[in-house]
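Scroll down for the structure; my scribbles are underneath it.
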Amino acid sequence: MNGAEAMRDRMYHFQKRELITLEDAAVVVRNKKGRAKVKQAHSLVGAGAVGGAFWGMLIGLLFFAPWLGLLAGAASGAIAGKFGDIGIDDDFIKEVRDAIEPGNSALFLLSRDGNLERIEDELSDFEYEFEIIETNLSPEDETNLRETFAAEELSG
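Taking this note's numbering, I'd label the letters of the sequence shown as residues 2 to 157.
Below you can see the structure in the form of structure tokens.
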């Protein structure tokens, strides 16, 4: 098990204790060559989940587009614009991209009502080194995110 999977399991435990409400999650593992593999949390897929289109676009924007040349640059610009439209800004995306180096893993969560201070305290004994990078969506942005990617799941 990698650090992101271990953290995901801890988050499930925190959810059972009502320290956080998890809407959707995905683990990304980057191999030594930098290729990313995505594992979506199928147990969370349901009414609150945004689905594979969201995670695929986000992970693609973070890891694949920088190396694919001009065509990917244009596509990544369109994808980045879509994320900007739903409140996920370029600075957040760059910060996440820079933080996940080859050979490491990351846990992406779509959550609400998290007691971040208490969660951080309870993670003081966590065996893996980690960094929390967060961004907040307004209720309108969250609704837009769900509508945008639900429509893509249906048409995809």
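Don't be surprised by glycine CBs; every beta carbon is placed ideally from N, CA and C. Since the model is a prediction, treat every value here as computed from it, not as a measurement.
Classification of residue i by the beta-carbon crowding that lies within 10 angstroms, buried from 16 upward
i      : result
Leu146 : buried
Ala100 : exposed
Asp25  : buried
Ile21  : buried
Phe55  : buried
Phe109 : buried
Arg119 : exposed
Phe127 : exposed
Ile133 : exposed
Leu59  : buried
Arg31  : buried
Expected contact under 8 Å - CB spacing of residue i and residue j to nearest Å
i      : j     : result
Ser125 : Ala5  : Not confirmed; about 18 Å, so no contact.
Ala27  : Lys38 : The pair is not a contact, with the Cβ atoms about 10 Å apart (cut-off 8 Å).
Arg9   : Leu63 : With a Cβ gap of about 18 Å, Arg9 and Leu63 do not count as contacting.
Ser139 : Leu23 : Between Leu23 and Ser139 the Cβ distance is about 19 Å, and since that is not below 8 Å, they are no contact.
Segment limits, beta strand (DSSP E) that includes residue i
i      : result
Lys38  : Ala37 to Gln41
Glu24  : Thr22 to Arg31
Leu111 : Ser106 to Arg113
Three-state class that DSSP yields for residue i in the structure shown
i      : result
Arg98  : helix
Arg11  : helix
Arg147 : helix
Ile134 : coil
Lys34  : coil
Phe93  : helix
Glu19  : coil
Pro140 : helix
Phe127 : coil
Residue-level contact to chain D via CB, residue i, 9 Å cutoff
i      : result
Leu117 : Protein chains in the displayed structure number just one, and chain D is not present.
Range covered by the alpha helix (DSSP H) that runs through residue i
i      : result
Gly122 : What sits at residue 122 in the sequence shown is Asp, not Gly. First-last of the alpha helix (DSSP H) with Asp122: Leu117 to Glu123.
Residue i: CB within 8 Å of a non-hydrogen atom of the ligand GTP
i      : result
Ser125 : With respect to small molecules bound, the structure shown includes none, and the ligand GTP cannot be examined in it.
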